[in-house]
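Note sheet for the following structure.
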Amino acid sequence: GENVEQHPSTLSVQEGDSAVIKCTYSDSASNYFPWYKQELGKGPQLIIDIRSNVGEKKDQRIAVTLNKTAKHFSLHITETQPEDSAVYFCAASTKAGGFKTIFGAGTRLFVKA
Amino acid sequence: GAGVSQSPSNKVTEKGKDVELRCDPISGHTALYWYRQSLGQGLEFLIYFQGNSAPDKSGLPSDRFSAERTGGSVSTLTIQRTQQEDSAVYLCASSSGLAGGANVLTFGAGSRLTVL
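Residue numbers (this note's numbering), protein chains in the order written: chain A, 1 to 113; chain B, 1001 to 1116.
Set out below in structure tokens:
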């Protein structure tokens, strides 16, 4: 089955700096890669996603890149703000798995003011 | 409803007791997922329901765990003879399935289970 690895587990940056979180997946049939943000005491919420027919997608300060050959994808947050502090999860989903979504272990991001 | 509703939000039980956790998905969503999140950890896949298909139970950690989804809507996760290692937040999510290839999950706030 699918396995998703995520790094780093913890990331601390200064406000205004960029943050990068990286993930790899194992199942070459995976075709949809969402990123979720989880704030304290809440369920994860989708912040951005990318499909396998696209190499890069941007939405304001966040962007995702996908390298299908290497089976890895990354989240980039620019001009970080204290409210970006949260846990971020990458995930992979494949039609072959009935669209079962498997998550990485998460990255706890701290943005220092 | 407007979102995914889970109950109870908090449950404290004694070791050996059975517990039931409920999930009310977004109306019309055909897919429903259960995940477990231990303190400070990631999202561990438990079980996945899609329409009328047989559920994918491959993530259930032991036969003490079971789940059902009645009428394609509400789901109940049951843990029998609870153990201390079952203590975690149990998250439910639903999705509409295919939406142009994107499978966007909407999560509930979770049920925090503490086994004493």
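Backbone N, C-alpha and C define an ideal beta-carbon position, used for all residues, glycine too. A quick note: this is a predicted structure, and the numbers were derived from the prediction, not measured.
By the Cβ-count criterion, A:VAL111 is buried, with 16 or more other Cβ atoms from all chains shown falling within 10 Å of its own Cβ. Counting along the chain, no beta strand (DSSP E) covers A:PHE99, and no H or E run does either. For the stretch 17 to 43 of chain A, the residues whose beta carbon sits under 9 Å from a beta carbon of chain B are, in order, ASN31, TYR32, PRO34, TYR36, GLN38, GLY41, LYS42, GLY43. A distance below 8 Å between beta-carbons, with the five flanking residues on each side excluded, links A:SER52 to the following residues of its chain, in chain order: SER30, ASN31, TYR32, PHE33, LEU66, LYS68.
Closer than 8 Å at the C-beta level to chain A, one finds these residues of the stretch 1084 to 1097 of chain B: LEU1091, ALA1093, SER1095, GLY1097.
Contact annotation for A:ALA105 against chain B: GLN1041, GLY1042 [CB-CB distance below 8 Å, chain order]. Neighbours of A:LYS71 in chain B, taken as residues at a C-beta separation under 7 Å, are lacking, since the least C-beta distance is about 18 Å. Partner residues in the beta bridge of A:ASN67, as assigned by DSSP, are A:HIS72. When only Cα atoms are considered, B:ALA1054 and B:LEU1046 end up about 14 Å apart. A residue is called buried when at least 16 other Cβ atoms come within 10 angstroms of its Cβ; A:THR107 meets this threshold and is buried.
By the criterion of a C-beta distance shorter than 7 Å, A:HIS72 is surrounded in its chain by LYS22, CYS23, THR24, once the five residues flanking it on both sides are discounted.
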